[in-house]
Structures are given as structure tokens and as C-alpha cells.
Amino acid sequence: MSNFPKQPLLLTPGPITTSPATKEAMLRDWGSRDRDFIALTRHIREQLLELAGGGKAHVCMPVQGSGTFAMEAALGTLLPREGKLLVLVNGAYGARIAEIAHHMGRGSTTASFDEAVPLDPGAVAEALDADPAITHVAAVHCETGAGLLNPIEEIANVVAEKGRYFLLDAISTFGALPLDVARVPCDAVIASANKCLEGVPGVGFAILKQESLAKAEGNATSLSLDLFDQWRALEKTGQWRFTPPTHVLAALDQALKEHADEGGVAGRGARYQKNAHLLVEGMRTLGFKAFLPDSIQAPVIVAFHSPPDPKFSFPAFYDFLRDKGYAIYPGKVTAADTFRIGCIGQVFEKDIRGVLAATREAVAALGIARLS
Ligand SMILES: Cc1ncc(COP(=O)(O)O)c(C=O)c1O
0 MSNFPKQPLL
10 LTPGPITTSP
20 ATKEAMLRDW
30 GSRDRDFIAL
40 TRHIREQLLE
50 LAGGGKAHVC
60 MPVQGSGTFA
70 MEAALGTLLP
80 REGKLLVLVN
90 GAYGARIAEI
100 AHHMGRGSTT
110 ASFDEAVPLD
120 PGAVAEALDA
130 DPAITHVAAV
140 HCETGAGLLN
150 PIEEIANVVA
160 EKGRYFLLDA
170 ISTFGALPLD
180 VARVPCDAVI
190 ASANKCLEGV
200 PGVGFAILKQ
210 ESLAKAEGNA
220 TSLSLDLFDQ
230 WRALEKTGQW
240 RFTPPTHVLA
250 ALDQALKEHA
260 DEGGVAGRGA
270 RYQKNAHLLV
280 EGMRTLGFKA
290 FLPDSIQAPV
300 IVAFHSPPDP
310 KFSFPAFYDF
320 LRDKGYAIYP
330 GKVTAADTFR
340 IGCIGQVFEK
350 DIRGVLAATR
360 EAVAALGIAR
370 LS
């Protein structure tokens with residue numbers, strides 16, 4: 000860290016800025032087969048399961064890597080080789096799930112929606128009625144490219160009513176937006192450590208319905224991403240099959256303590272909501288236009304239209320804010336030129352006020368006259 004004295008605050012969708020204690024938790028080496036690490040793994044799995052409202056009917060399976068690895072593992076494990084997946088797509092991360100299924104060579108189809116419009120449960124019901132071969136459905140909770148919140152409870156209920164399995168990408172919401180698997184029918188909820196849980200990158204996990212996982216033996220075509228095999232090993236020995244990201248888990252354990260101290264999902268979500276509200280209002284006051292209406296904006300990351308003034312360039316805007324101590328994020332939607340500012344991580348009201356002040360200065364310094 001001393002080599003990088005000017006660490007910017009990360010206003011991104013993750014990796015995010017973590018607390019000093021979470022970083023410090025990585026200053027110990029762990030034996031991956033040692034009893035302390037076995038206890039740490041068990042404790043983390045229990046806490047994550049509890050955060051999802053899971054009891055005995057569900058199980059938490061960690062997996063090395065980022066959120067995409069956990070999604071690929073869950074999909075490859077639960078989707079039988081003769082199964083067919085319907086992916087609901089209204090953004091880049093839905094499209095990525097379809098890409099994963101394609102790479103795995105599993106049968107799949109997509110139902111596509113506009114990237115500024117939430118998924119439509121009625122259309123999902125129609126798609127399922129029209130194709131009885133579909134066995135599984137996958138959707139994204141917050142489409143992070145636009146920052147859009149999908150009506151996931153309604154979607155999960157439609158999928159359950161139609162007798163299909165449901166996999167949810169909650170990678171950018173887990174820990175900040177409520178999701179209770181005891182009430183909302185999900186066969187898999189996929190997330191990672193380095194977003195709303197405020198851990199460091201390197202581990203993902205899936206909260207899986209045990210009944211569905213128990214039927215998944217032999218489905219996976221990947222050895223390392225087979226959650227059924229990993230489940231068997233963890234239940235038997237408490238150990239990971241392959242080298243676990245030990246320091247990352249130690250950091251996650253500390254981050255989970257801080258999450259509980261903040262008031263759990265409700266407390267974390269309330270802070271992010273406050274950040275998002277202050278950010279959108281402040282940017283509007285400066286003349287910027289949010290890509291989404293407030294009603295479907297998730298309190299995770301906000302996409303703003305880039306000013307139509309030719310004097311605006313994202314790299315110059317980024318560098319200006321970066322020099323002031325804030326790292327923002329490029330846009331990801333396809334229909335408009337946008338940039339994004341994140342609300343998650345160790346980001347508080349003073350930080351949002353800070354980035355708003357820096358943005359005001361950037362507008363003046365770059366000579367941008369037309370903001371929207
Ligand atoms: C909703 C969603 N899904 C999947 C991913 C991919 O996660 P990762 O980059 O950790 O693989 C992201 C990353 O931002 C995300 O926001």
C-alpha cells in the first residue's frame with residue numbers, strides 16, 4: 000500500500016473499497032487443511048446461508064474465483080446435460096449467463112427485454128408455456144450495467160408455478176437487498192465476496208436448495224467447478240478439494256462481522272440507498288441525467304448519460320475525478336453513451352458529497368456547457 004499512497008475511493012461495482020480491518024484480516028497465513036481454517040470455512044458458510052434466509056433445506060457452496068466462476072459452477076452443476084435453460088436477458092450479465100450455457104454446450108434459449116425495462120413476469124410465463132422442454136430459468140437481480148432492479152420475487156414465483164428450476168444471479172445485490180430463500184423459491188442464488196458484502200475478490204458462492212443439489216451428481220463437465228463433488232467433500236471432511244483462497248476467506252469473515260455490526264442486510268441496504276439517493280439528486284442538480292427512472296434504479300451503481308457536449312470525454316472526466324481521489328466506472332449499456340458511479344463498498348455520505356463537488360469542478364475545468 001505504501002507503494003500506492005494515493006489510493007482512490009472506488010465508486011465501482013466491485014472490487015470495492017474495503018475497511019482497514021478487512022484488509023488487516025489478510026495478515027495471517029492459514030493451513031488449508033488445518034482445523035482453524037476448517038472452522039473458518041464452516042463459519043462463513045453458515046453466515047452466508049443465514050443471510051439468504053436459508054435453513055436446513057439449503058446449503059452454501061463456496062467456489063474459488065469471481066462471481067462468473069460461481070455462476071458457471073452453479074449452472075454446470077444444476078443443469079443436466081439433457082436440460083434446457085431459459086435465460087432472461089435485459090443487460091450484459093443476463094447475456095453472460097447465456098454465453099456460459101453456450102460454452103458448456105447445454106441447450107438454452109433467451110427471452111430478451113430492453114435494457115431500460117425490468118423483466119416481465121407475464122412474458123416469462125408465456126415463454127415457459129410455449130416451450131415445455133425448458134427445465135431451468137436464470138435471471139439477474141440487479142443488471143449492473145444499467146443499475147436496474149428486476150422484479151425477482153415475481154419471476155421466481157412464476158418459474159416455481161410452472162414447475163421449473165430457478166437460478167438467480169444476485170452477484171451485485173447479495174447482502175444489501177433482501178432475498179429470503181425460505182420464501183422466494185430459488186434453486187440457486189449466486190453471489191461473490193467483493194461487492195455488497197465488502198470483502199476482497201477471489202471467492203464466489205452459491206446458496207443451493209439441497210433437494211436440487213442432491214439430484215445433480217454427474218451433471219458437471221468441469222472437475223473444479225462441480226459443486227456436487229465439492230459439497231460431498233465439504234460435508235465429509237470440512238475441506239475444500241483444491242487450494243482455497245485462504246486470505247480472501249479471512250477477509251470475508253471480518254467483512255461479515257462488519258456487515259452484522261451495520262445491521263445486516265437492512266442496515267447495509269439503507270446506507271447504499273442513502274448513497275444512491277444523494278448521488279442521483281446531486282447529479283441532477285448539476286444537470287446530469289440518470290439513465291433509469293428512480294422507480295427501477297437499484298442502490299448499487301447509477302448510470303448517467305454522458306453530456307452531449309463534444310468537450311466531454313470519459314477519459315478526461317475519469318482522470319480529473321481520479322486525481323481528486325475518486326475512481327468511477329465506464330458505461331456498459333448499449334443503447335446510450337453513459338458512465339457509472341457506484342454506491343457500494345466503504346462509501347458514506349461524505350464521500351458522495353465529495354464526488355459531487357469534484358464533478359462540479361470537472362464540468363468547469365473541462366468547459367462542458369451542455370450537460371443534458
Ligand atoms: C450482476 C452481475 N453478474 C455477474 C457479474 C460478474 O462478476 P465477476 O466480475 O465477479 O465475475 C457482475 C459483475 O459486476 C455483476 O454485477
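Numbering-wise (numbering that gives the first Met the number 0), the sequence shown opens with residue 0 and increments by one. Quick reminder that beta carbons are idealized off the backbone N, C-alpha and C, glycines included.
Output the distance between the C-alpha atoms of residue i and residue j, rounded to the nearest integer angstrom.
{"i": "M25", "j": "P307", "result": "45 Å"}
{"i": "L248", "j": "G366", "result": "46 Å"}
{"i": "M282", "j": "L255", "result": "32 Å"}
{"i": "R240", "j": "L85", "result": "31 Å"}
{"i": "A97", "j": "T109", "result": "7 Å"}
{"i": "F316", "j": "I133", "result": "46 Å"}
{"i": "V188", "j": "A137", "result": "10 Å"}
{"i": "G82", "j": "G263", "result": "37 Å"}
{"i": "H246", "j": "Y271", "result": "26 Å"}
{"i": "Q46", "j": "A265", "result": "15 Å"}
{"i": "Q209", "j": "F227", "result": "10 Å"}
{"i": "H276", "j": "D119", "result": "25 Å"}
{"i": "I151", "j": "C59", "result": "20 Å"}
{"i": "K331", "j": "V158", "result": "28 Å"}
{"i": "T76", "j": "A269", "result": "34 Å"}
{"i": "P61", "j": "T40", "result": "9 Å"}
{"i": "D336", "j": "W29", "result": "46 Å"}
{"i": "D128", "j": "E160", "result": "11 Å"}
{"i": "A190", "j": "T172", "result": "8 Å"}
{"i": "E71", "j": "L278", "result": "34 Å"}
{"i": "S111", "j": "A91", "result": "11 Å"}
{"i": "A56", "j": "W230", "result": "14 Å"}
{"i": "A205", "j": "A213", "result": "14 Å"}
{"i": "A122", "j": "K22", "result": "45 Å"}
{"i": "K349", "j": "P244", "result": "33 Å"}
{"i": "L87", "j": "G66", "result": "18 Å"}
Please classify residue i: is it buried, with 16 or more other beta-carbons within 10 angstroms of its beta-carbon, or exposed?
{"i": "R32", "result": "exposed"}
{"i": "S305", "result": "buried"}
{"i": "D225", "result": "buried"}
{"i": "H42", "result": "exposed"}
{"i": "P131", "result": "exposed"}
{"i": "T333", "result": "exposed"}
{"i": "H102", "result": "exposed"}
{"i": "K5", "result": "exposed"}
{"i": "Q63", "result": "buried"}
{"i": "D186", "result": "buried"}
{"i": "K194", "result": "buried"}
{"i": "R267", "result": "buried"}
{"i": "L222", "result": "exposed"}
{"i": "R163", "result": "buried"}
{"i": "D168", "result": "buried"}
{"i": "E234", "result": "exposed"}
{"i": "F311", "result": "buried"}
{"i": "F347", "result": "exposed"}
{"i": "V299", "result": "buried"}
{"i": "P200", "result": "buried"}
Hey, residue i and residue j are a contact pair by Cβ (cut 8 Å); roughly how many whole angstroms apart?
{"i": "E142", "j": "G106", "result": "At roughly 24 Å, the Cβ-Cβ gap does not stay under 8 Å, so E142 and G106 are not in contact."}
{"i": "F68", "j": "G174", "result": "Not a contact, Cβ separation roughly 18 Å."}
{"i": "D113", "j": "N89", "result": "7 Å"}
{"i": "N274", "j": "I351", "result": "5 Å"}
{"i": "G146", "j": "A302", "result": "5 Å"}
{"i": "F338", "j": "Y325", "result": "Actually they are not in contact, since the Cβ atoms of F338 and Y325 sit about 12 Å apart, beyond 8 Å."}
{"i": "G198", "j": "A259", "result": "About 13 Å; that fails the 8 Å criterion."}
{"i": "L285", "j": "V362", "result": "7 Å"}
{"i": "S211", "j": "F287", "result": "That belief does not hold up - the Cβ atoms of S211 and F287 are roughly 44 Å apart, past 8 Å."}
{"i": "A73", "j": "L166", "result": "6 Å"}
Kindly indicate the opening and closing residues of the alpha helix (DSSP H) around residue i.
{"i": "I96", "result": "91-103"}
{"i": "A205", "result": "Careful: A205 lies outside any alpha helix (DSSP H), inside the beta strand (DSSP E) at 202-208."}
{"i": "Q253", "result": "245-260"}
{"i": "L355", "result": "348-365"}
{"i": "K83", "result": "Here K83 belongs to no alpha helix (DSSP H); instead the beta strand (DSSP E) covers 83-88."}
{"i": "V123", "result": "120-129"}
{"i": "F68", "result": "66-77"}
{"i": "H140", "result": "Segment: none, H140 is in no alpha helix (DSSP H) and carries neither H nor E."}
{"i": "G268", "result": "263-285"}
{"i": "A20", "result": "19-23"}
{"i": "F173", "result": "From DSSP, F173 is part of no alpha helix (DSSP H); its letter is neither H nor E."}
{"i": "F319", "result": "313-322"}
{"i": "I37", "result": "34-50"}
{"i": "T242", "result": "From DSSP, T242 is part of no alpha helix (DSSP H); its letter is neither H nor E."}
Considering just the uninterrupted stretch of the beta strand (DSSP E) at residue i, what are its terminal residues?
{"i": "M60", "result": "57-63"}
{"i": "D168", "result": "164-168"}
{"i": "I189", "result": "187-191"}
{"i": "A219", "result": "Premise fails: A219 is in no beta strand (DSSP E) and is neither H nor E."}
{"i": "V301", "result": "300-304"}
Is residue i near ligand 2, judged by its Cβ being under 7 Å from some heavy atom?
{"i": "V247", "result": "In the structure on display, ligand 2 does not appear, and the ligands it does have are ligand 1."}
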